[in-house]
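Step one of this worksheet: look at the structure below.
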Amino acid sequence: MQPTVPAGSHLAQARLRLSLEGSYELAIGGPEFGSGATTVHRQIAAEVLHTQPAAVRVRQADTDLVDHDTGVFASTATTVAAHAVRRAAHALREKILAAAGERTGTAAVACRLTAHAVLVPGNRHLPLAELAAGACSSGRELIACGEANGSSGPAAFNAQYVRIAVDPRTGETRILDSAHAADAGTVLNTAQSRGQIEGGIAQGIGTTLLEDLPLGADAHPVVTTLRDYPIPQLADVPRSRIAFVDRPDVHGPAAIKPLAEFTISPVAPALANALRDATGIRFTTLPLRPDTIWAALADRG
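If you want our numbering, it's the 1-based position in the sequence shown plus 329.
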């Protein structure tokens, strides 16, 4: 279990604009560095605006696009910034419906937003591109902003199971079975979430069984090239059964919880517990390389 509250108060802002082409432009200050936040932000905006994620173009990693953004550390791109995106999308939807009602002389509550147009009473369709052009010509672009404060956040829970075999003659450890369960609240993108877990398991295996950075007598690293730094290969990473716990949290849009590096944390203790079960020896330092395991078995006789 790991808490996900950022250090101090976290602020994220988002701005959504209906473009002249009838699509949407989403501006956020935080960057995308592989967490899949861009896809999630598109999904959230598209859901509220009744369109497809491909219709939402994201501009990011530039705080000049919005008033302020603290950053995307501590999984805040999902648990905080996504909340700002949702609020901006709701605000823009209301503005679009109000503009359509004003243009057609109908009540905004009687209008309905679709992927490419606003459906107004009488089964009439007002194209979004036409609505955006009219708003722009009158000097009132259809833009809305959203803001979210991350002063509190959900706790993430992850569990890892492994079954291993240890060769007492060499100290080699082989992973025979692997399973991972994640309490991730509402999973917005299953493929991305599975990818994060699979990547976390691979990193955890590397940390536990292979990776080491010893220092020499002069306190400089002995390993100086990636060629000499072992990391997991495909053959070292087992296929893992992955399960998501259906237990939404009250924090964040759609009860989202983070995954990120939390998926790495339970891998080392799971492997260490399995190693103790197999050998009867409790290892307390990493990595658990074959030479370390062999030496411990040899010492025990």
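A virtual CB, placed ideally from N, CA and C, is assigned to each residue, including glycine. Note that the coordinates shown come from a computational prediction; the quantities given were computed from them, not determined experimentally.
- Among 497, 349 and 425, which has the Cα closest to the Cα of residue 626? 497
- Message: In the DSSP output, which residue or residues are listed as bridge partners for residue 507?
- Response: 491
- Task: Could you check how far apart the C-beta atoms of residue 341 and residue 479 are, in whole angstroms? I think they sit under 8 Å.
- Result: 7 Å
- I think residue 357 touches residue 409, with their Cβ atoms under 8 Å apart; what is that distance to the nearest whole Å? Contact doesn't hold; Cβ gap of about 11 Å is too wide.
- Task: Starting from residue 383, follow the alpha helix (DSSP H) in both directions and report where the run begins and ends.
- Result: First-last for residue 383: undefined, no H or E at that position.
- Give, in chain order, every unbroken run of the alpha helix (DSSP H) that is at least 4 residues long and sits entirely within the region 584-609. 596-608
- Task: Would you tell me roughly how many angstroms separate the C-alpha atoms of residue 455 and residue 447, rounded to the nearest one?
- Result: 5 Å
- Task: Use the C-beta contact count for residue 362: other C-beta atoms within 10 angstroms, 16 or more gives buried, fewer gives exposed.
- Result: exposed
- Message: Report the CB separation of residue 592 from residue 524 in whole angstroms; it is logged as a contact under 8 Å.
- Response: Their Cβ separation, rounded to whole angstroms, is 10 Å, which puts residue 592 and residue 524 out of contact at 8 Å.
- Task: Take residue 612 and list the residues in its own chain whose beta-carbon comes closer than 8 Å to its own, dropping the five residues that flank it on each side.
- Result: 601, 604, 605, 621, 622 and 625
- Taking all protein chains shown into account, decide if residue 475 is buried (16 or more other Cβ within 10 angstroms of its Cβ) or exposed. buried
- Query: In whole angstroms, what is the alpha-carbon distance linking residue 469 and residue 522?
  - Reply: 39 Å
- Message: One question on the structure: do residue 504 and residue 567 come within less than 8 Å of each other, judged by their Cβ atoms?
- Response: yes
- Message: Measuring straight from C-alpha to C-alpha, what distance separates residue 422 and residue 331?
- Response: 36 Å
- Task: Run through the region 429-478 for me and flag every whole beta strand (DSSP E) of 3 or more residues, listed as ranges in chain order.
- Result: 446-449, 453-456 and 472-478
- Output the residue ranges of the alpha helix (DSSP H) runs that lie fully inside the region 339-368 and measure 4 residues or longer, sorted by chain position. none
- Message: Short of 7 Å in beta carbon distance, which residues of its chain neighbour residue 442, apart from the five on each side in sequence? Order them along the chain.
- Response: 378, 379, 422, 425 and 426
- Could you spell out where the beta strand (DSSP E) holding residue 629 opens and where it closes? Where residue 629 is concerned, there is no enclosing beta strand (DSSP E), although the alpha helix (DSSP H) it sits in stretches over 619-629.
- Going straight from the alpha carbon of residue 368 to that of residue 383, what length do you get? 10 Å
- Task: Would you list the one or two residues that DSSP bridges to residue 502?
- Result: 495
- By a C-beta neighbour count over all protein chains shown, 10 Å radius and 16 as the cutoff for buried, is residue 585 buried or exposed? buried
- Item | Nearest-angstrom Cα separation, counted from residue 434 out to residue 465 | 19 Å
- Taking 8 Å as the cut-off, decide whether the C-beta atoms of residue 381 and residue 374 are in contact. no
- Query: Is the beta carbon of residue 385 sitting closer than 8 Å to the one on residue 355?
  - Reply: yes
- Message: My output table needs one value for residue 562: the three-state DSSP class, helix, strand or coil.
- Response: coil
- Message: Quick check on residue 553: buried or exposed, where buried means 16 or more other Cβ atoms within 10 Å of its Cβ?
- Response: exposed
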